[in-house]
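Student: Going by the numbering used here, the first residue of the sequence shown is number 323, and it counts up by one from there.
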Amino acid sequence: MKRIVILVSGDGSNFQAILNSCKKKEIFGRIVAVVSDNCQAFAIERARVAHISTHVLVPAPLHKEEHIFNQELMQVVDLYSPDLVILAGYMRILNADIVASYSGRILNIHPSLLPKYPGLYTHRKAIQNSDAQHGASVHFVTDKIDEGPVIVQARVPVFHNDSEYTLSMRVKEQEHSIYPLAVKWFTEGRLKMHNNAAWLDGYRLPQSGYIDVIERSL
Ligand code: NHR
Ligand code: GAR
C-alpha cells in the first residue's frame with residue numbers, strides 16, 4: 323500500500339473522490355494525512371469523518387513568513403513518510419525544497435487544458451474568451467508553476483449561458499474521474515516522471531490529448 327498525503331485548501335471534493343477510490347480498492351493506497359492551509363476548509367471535515375489525521379497550517383498574513391511556512395509544511399508532510407503527495411485544490415506555491423525533496427512524487431490537478439491558462443481564474447478566462455471547450459489537467463509538480471509534465475486531461479464543452487460556477491461544476495465532475503485514475507496508475511508503479519516528461523507503462527505521455535466527457539468510469 324502506498325502512503326498518500328493530500329494537501330487541500332477548500333471543499334476537498336477531489337480528496338473525497340480519491341478517498342472513495344481507495345476504499346473501493348481501485349487505488350492501491352492509503353491516505354495517511356490531510357494538510358490544509360485554511361482552517362475553514364470543508365476538506366478537514368471530510369477527513370475527520372474518515373478518521374484520517376488532519377493538520378492545519380495557517381500562514382502568516384501578507385506572505386511574510388513564506389519560507390518558515392514551507393519549512394513547517396515539509397516537517398508535517400515528512401512525519402508521514404509519504405510515497406505520494408497530492409495537491410487537491412491546494413492554493414499555495416510549494417517552494418523549491420519541498421519540490422526537490424518529493425521530486426516525481428507530487429501531483430496536482432489544474433482546472434484548465436494546460437498549457438492554456440496556467441494560474442488562477444481559469445473558468446473566468448475560458449468564458450471571457452468565448453472558448454468552445456475547457457477542462458482539467460493532472461500533472462506532476464515541478465518548480466515551474468502549472469508547467470510540470472501533463473499526465474491526463476479531460477475536456478468539457480463551454481455553453482453560451484455558463485457562469486464560472488456552472489462551468490467549474492462541469493469541470494469538477496471530470497476531475498473526479500481523471501484524478502483517481504492518475505493516482506491509481508501511480509500507486510501501481512506504472513506512472514513516472516523522467517526527463518521532465520510523464521511516462522505510463524514505459525511510454526511517454528503526450529502533453530496534450532483529452533479524454534472526452536466520460537461517465538464516472540472509476
Ligand atoms: N507548487 C509548485 N512548486 N509547482 C506547481 O505546479 C504548483 C505548486 C503549488 C500549487 C496548484 C496551482 C493550480 O493548479 C499548484 C501548483 C496556487 C497558485 C497561486 O498563485 C498558483 C498555482 C496553483 C495554486 N497561489 C498564490 C500564492 O502566492 C496564493 C493565492 C491565494 O491565496 O488565493 O501562493 O492552479
Ligand atoms: C478544483 O477544481 C481544482 O482543479 C482547483 O480547485 C478545485 C478544488 O476543488 N484547483 C486550483 O484551482 C488550484 N489552484 P476541491 O477542493 O473540491 O477538490
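Quick reminder that beta carbons are idealized off the backbone N, C-alpha and C, glycines included.
Predicted model only: the values in this text are computed from it and were never measured.
(1) Using alpha carbons as the reference points, say which of L527, G351, G332 lies closest to H461.
(2) Heavy atom of ligand 2 less than 7 Å from the Cβ of E367, yes or no?
(3) Quick one: which unbroken alpha helix (DSSP H) runs of 4-plus residues sit fully inside the stretch 346-400? Chain order, please.
(4) Of the residues A422, R492, I408, P471, which one's Cα is nearest the Cα of V505?
(5) Tell me whether S539 sits in a helix, a strand or coil according to DSSP, three-state version.
(6) If you count every other CB in all the chains shown that lies within 10 Å of the CB of C361, and 16 or more means buried, which is it?
(7) Would you report the Cα separation of L435 and A382, rounded to the nearest angstrom?
(8) Using a Cβ-Cβ cut-off of 7 Å (strictly less than) and excluding sequence neighbours within five positions of K546, which residues of its own chain qualify?
(9) Taking just the CA atoms, how far does R427 sit from I473?
(10) Give a yes or no on whether the C-beta atoms belonging to V356 and F337 are separated by under 8 Å.
(11) Any contact of the stretch 371-380 with the stretch 477-496, i.e. 3+ C-beta pairs under 8 Å?
(12) When the distance is taken between beta carbons, is I366 closer than 8 Å to L395?
(13) Based on DSSP bridge pairs, tell me the residues matched to W521.
Tutor: The structure says:
(1) L527
(2) no
(3) 364-371
(4) I408
(5) With a pLDDT of 42 at S539, under the threshold of 50, the predicted position of this residue should be treated as unreliable, and no value is reported.
(6) exposed
(7) 32 Å
(8) For residue 546 there is no data in the structure shown, the boundaries of the chain being 323 and 540.
(9) 13 Å
(10) yes
(11) no
(12) no
(13) K514, R526
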